[in-house]
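Structure, as structure tokens:
Numbering (the numbering used here), first residue to last: 514 to 1305.
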């Protein structure tokens, strides 16, 4: 009877619990779920539209930024000025119009290669009435071209013209017009940069998964210039509304249909706007389907969860309490200790999986996802632990990166770049082995902390790693790794600073094909500061006249008469007055290309000096100038150099050209031959600098048309020792036999001069006669009096 009563009581309790659960949980949950579903539909619709608007905004900004960067590259004022100089030289050629047009074609082709968007370049000469184009087919200039607007020419600056016939494949949608002025302010021509529309359209077009998307370009007057499609009812009316759209709201209503719209002014084309638009209905339709599916799944899930909770609530509560007690004491975000697993059922599996998540989070927090190497912070911590394990040996931080690695991502996709990075990581691990700590600092920068007894062991590993890294990437493209080494790492040091030191050493050999590694010491820090100063101040130094030339006389060894000079550049910082050695800034300028600008400055200053001497009636003294190896690769070098000398009305034999051995080594013989013959045909004398400083001098002497040979200082330094006197005499006799003029460099002492008199040498250059001196001092030495300044 009691059992029956207890059973009835339990049943009554369970009934009451079910009723209470129904009233207190299920019904409110259902009401809340309904409200949540309605709010979800509303907010999902809103968020979908907002996300699409944000995507349009971001995409528009990104594409216009890329467009701006692309056209800014070619429309850079300094480049346009340089092209203008080349244009003036070409248009003033004393040649038939077809020859001038050929030069203009070459200039247009060169300019068209600077941008993927502004490839259709026309170079127009008003005086000659001809036009050169990047397509290689020149034509006459009539003045009726659609882009020519005399009013806009006189307003100054670049203006944009629109093609009157966008269906014509030979015309560009837009053209940027740069008027070219003569120095007196008159307009003598124009550069017309037409857009390469097959490249322009993909660059700025909208890309979404909505087939209803549309974009178009309108002007300030509301005129339509381009539309990706016109699949909108009353399209002209739609364009009018878009023209007046001001981005205050992301929506516009047209013919009862709501659209998302985003408009922006096109960079460098402020009178044009680009409009991106998508109808709202397809976006809402897609999102509504997802929302309804989510709601249905949520309802089914809640029902199943309720049934599960009603059946197993007691067990779940007990197991949750066990789990709660087992995790008590674990700090938030502390991954050091896993949770204890007390059961073998689903809850135990959940704890085990949670432990796995903790381990994964810990791994992700310490490692790079691509290479599996430690990130910077963890690398520093693990390196200190590694160093502390054994104090009986030395430790070094090695830093590695790849020259111009960004080109790989530009040429290939990111997957190829990541594959190369992964290959580099594997090769480093294979070479340095398990007894090392590895880190990845992003981009193409790897760091290694390794122990060693002898430095040579580390260097051997670096050389082996370099060879294997090159081989692993050669199927994609040749790469050039470099390594910086910071030695004597200790556990109480900041590892990140040691990585920076290794990076400073590495930067000194970036781009050097002959040197794989560099070891950091204090001089690197000083050199790094010098390099940074030179890089940062080169332009301002040129503008502030910090660069100037000195002249080192060449004299007759018997009479002492000045028979020539060499122009040498110097740099005096206008703020501190400090003289910066050419040995510090010339190598940097040869790497970054500024040596081309600096050489031209030296040439022009030299021409001014020689012109002044001639105007003063003094005897002619030839002055030699140096030509950097970088000039050899420029097709227009010979013509530009000759044009500069003609500008000052100087006979070409008075400006001699010195070509150094570095130019002989780093340029092909065919290229040198072509440049040198071009200079000789225009009347210039060619000097081989540093003769006998290397094997290449003998080869060049045999094959290249040098007029004057400058014997290297290295032979003169020891001319008084052993058979060196006979050796130098033999070289001089040989050069005289093959009819070469001779200049002997680096003659510093009178005893050297006396020996050279006996060897047959006649023209010397060196400290025993004169150091490089200012122009005024040279004039007193050479002419016996100051030369009046004819420029005043």
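All C-beta atoms, glycine included, are put in the ideal place defined by N, C-alpha and C.
- Per DSSP, residue 979 is one residue of the alpha helix (DSSP H) stretching across 968-986.
- Excluding five sequence positions before and after residue 914, the CB atoms of its chain that fall closer than 6 Å to its own CB belong to 957, 958, given in chain order.
- With three or more CB-CB distances shorter than 8 Å, the segment 1046-1054 counts as touching the segment 1082-1100.
- Cβ neighbours of residue 986 within its own chain (closer than 8 Å, five residues either side excluded): 933, 936, 937, 992.
- Beta-bridge partners assigned by DSSP to residue 1079: 1065, 1137.
- Here DSSP, grouped into helix, strand and coil, assigns residue 1281 to coil.
- Residue 1196 counts as exposed, since fewer than 16 other beta carbons sit within 10 angstroms of its beta carbon.
- Residue 599 is not a Cβ neighbour of residue 631, given a cutoff of 8 Å.
- Annotated three-state conformation of residue 1275 is coil, per DSSP.
- Spatial neighbours of residue 1168 in its own chain (CB-CB distance under 6 Å, excluding positions within 5 residues in sequence) are listed in chain order as 1158.
- Contact between residue 1199 and residue 1222 does not hold, since their C-beta atoms are separated by about 10 Å, which reaches or exceeds 8 Å.
- DSSP places residue 674 outside any alpha helix (DSSP H); the residue lies instead in the beta strand (DSSP E), whose first and last residues are 672-675.
- DSSP places residue 886 outside both helix and strand once states are collapsed to three, so it counts as coil.
- At least 8 Å separates the beta-carbon of residue 909 from that of residue 960.
- Scanning 775, 747, 1170, 813 for the CA closest to the CA of residue 769 turns up 747.
- Of the candidates 568, 975, 1078, 728, 1078 places its Cα closest to the Cα of residue 1287.
- The beta carbon of residue 644 sits closer than 6 Å to the beta carbons of 635, 637, 651, 652, 654 from its chain, once the five residues preceding and following it are set aside; these are given in chain order.
- Residues 1060, 1084, 1086, 1087 of the same chain have their beta carbon placed closer than 8 Å to that of residue 1054, with the five preceding and five following residues left out of the count.
- For the pair residue 781 and residue 674, the Cα-to-Cα distance works out to about 12 Å.
- Residue 1254 carries a strand assignment under DSSP once its states are collapsed to helix, strand and coil.
- Shown here for residue 603: same chain residues with a beta carbon closer than 7 Å to its own, the five before and five after excluded, namely 613, 616, 617, 620 in chain order.
- In this structure residue 1171 touches residue 1140 by the C-beta definition: roughly 7 Å separates them, less than 8 Å.
- As DSSP reads the structure, residue 949 sits in a beta bridge with 963.
- Of the other Cβ atoms in all chains shown, fewer than 16 fall within 10 Å of the Cβ of residue 904; this residue is therefore exposed.
- Here DSSP, grouped into helix, strand and coil, assigns residue 1002 to coil.
- A distance of 8 Å or more separates the beta carbons of residue 622 and residue 660.
- Annotation: the continuous beta strand (DSSP E) that includes residue 635 extends over 633-638.
- Taking 4 residues as the shortest admissible run, the segment 573-634 contains the following complete alpha helix (DSSP H) segments, listed from N- to C-terminal end: 590-604, 610-625.
- Close CB contacts of residue 795 within its chain, under the 7 Å cut and outside five residues either way in sequence, are with 723, 725 (chain order).
- The three-state reading of DSSP puts residue 726 in coil, since its state is none of H, G, I, E or B.
- Residue burial annotation: residue 633 is buried, with at least 16 other C-beta atoms found within 10 angstroms of its C-beta.
- With contact defined as three or more Cβ pairs closer than 8 Å, the segment 936-953 and the segment 1013-1022 are not in contact.
- Residues 1220, 1221, 1222, 1276 of the same chain have their beta carbon placed closer than 8 Å to that of residue 1254, with the five preceding and five following residues left out of the count.
- Classified as exposed, residue 1072 has fewer than 16 neighbouring CB atoms from the shown chains inside 10 Å of its CB.
- Per DSSP, the beta bridge partners of residue 694 are 700.
- The secondary-structure analysis by DSSP pairs residue 1169 across a beta bridge with 1137.
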